[in-house]
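The next block holds one structure in the form of structure tokens; read it before the comments.
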Amino acid sequence: MLKKKVTLLAALGLCLAGVIAGVSAATVIQKVESELRPDFTIVVDGEVQTFKNAQGETVYPMLYDGTTYLPVRAIGELMGKTVYWYEDEKRVELKTEQTTVTDADVIVPGGTGGGSSSGQAVIPQEGEITLERAKEIALERAGLSEADVTFTRERLEVDDGVREYDIEFYTSAAEYSADISAADGTIRSWDVDEIRGAQSGGGGGASAGTSGDDIGLDRAKEIALERAGLSEADVTFTETNLDRDDGRLVYEIEFRQGRTEYSAEILASDGTVVSWDVDYD
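Here you go:
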């Protein structure tokens, strides 16, 4: 039997009834001795459960004062939810979303007012418009429908203290980008970049980036995953963006597995990987 000294928050237990596990300012942090119990088997609906941390290592239940504790990630997996850690508030939240504490799926760093623009996920707050509404506003401005375009970026971020949606999409003729206020849907910036050589009225051949000569974002992600030898279930994507580099349209793909970061630039025209980098944190 393995014993290990750990720090447990007095208010934190197996709180499956509530989605949010919060710690109040009055909570006293105590150091206690608990038992790491690899001999305990967790069975859910007849199926034996094995739990992993963010690095893919097996983690086990802990026994303290007659109560069995599971890691927050294990609780999230059982509930089919994503684990968020809010640094400023020292708050763990389990949310149903498909994006200090190392077992969180998404870390919302401190000093950012609830998020950042550095690739970490930012969660909509009460009273803010949704991502879908922000996309609708951008499409309305462009005079297009969702069926007409391919989205390459759609996320909520914080820019100079302002919470805004960063929306980018393209058609065979142009690339569009918009920054939309999360508070009220105001378009804070708008840019349209026409694609050179795009077909007009049936003439000429299509250039890279047109619907007939573009592998698409999903295929670009597949190529990057194949290069890494990973599946989409193994990673968390932090950036999937179509951009222009030296006159070529390239997909910029970034994702993480545990502490390892992968980044790739992939030609939109034929899927060639023109840049590849792996950073072992």
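Numbered by the numbering used here, the letters in the sequence shown go through residues 1 to 281 in order.
By construction, the Cβ of each residue, glycine as well, lies at the ideal position given by its N, Cα and C atoms.
(message) Rounded to whole angstroms, what is the Cα-Cα separation between VAL273 and THR236?
(response) 20 Å
(request) Confirm, please, whether the CB-CB distance from ASP191 to SER177 is below 7 Å. (result) yes
(request) May I have the straight-line CA-CA distance separating GLN125 from ASP179, to the nearest angstrom? (result) 17 Å
(request) Using only alpha-carbon positions, find the residue among GLU33, THR67, GLN257 and ILE29 that is nearest to PHE40. (result) Checked all of GLU33, THR67, GLN257 and ILE29; the closest Cα to PHE40 is THR67.
(request) Taking only the alpha-carbon atoms, compute the straight-line gap between GLY271 and GLU157 and give it to the nearest angstrom. (result) 29 Å
(request) With DSSP collapsed to three states, give me the class of VAL72. (result) Helix, per DSSP.
(message) So if DSSP puts PHE51 in a beta bridge, which residue, or which two residues, is it bridged to?
(response) VAL59
(request) Let me know the secondary structure DSSP gives LYS31 once reduced to three states. (result) strand
(request) Output the boundary residues of the beta strand (DSSP E) element that contains LEU156. (result) 150-159
(request) Please report how far the alpha carbon of TRP85 lies from the alpha carbon of ILE29, in whole angstroms. (result) 18 Å
(message) Once the 5 residues before and after LEU131 are set aside, which same chain residues still bring their CB inside 8 Å of it?
(response) PRO124, GLU154, ARG155, LEU156 and TYR165
(request) Since I believe ASP234 is in contact with ALA268 (beta carbons under 8 Å), could you give me their beta-carbon distance rounded to a whole number of angstroms? (result) Not really, about 24 Å apart at Cβ, beyond 8 Å.
(message) Between which residues of its own chain and VAL48 is the CB-CB distance below 8 Å, once the five residues before and five after are set aside?
(response) Non-local beta-carbon contacts of VAL48 in its own chain, meaning distances under 8 Å to residues more than five positions away in sequence, involve THR41 and ILE42 in chain order.
(request) Could you tell me which of ARG163, VAL162, ASP160 and GLU136 sits nearest to PHE151, measuring between CA atoms? (result) GLU136
(message) Can you give me the C-alpha to C-alpha distance between LEU63 and LYS31, rounded to a whole angstrom?
(response) Between LEU63 and LYS31, the C-alpha separation is close to 14 Å.
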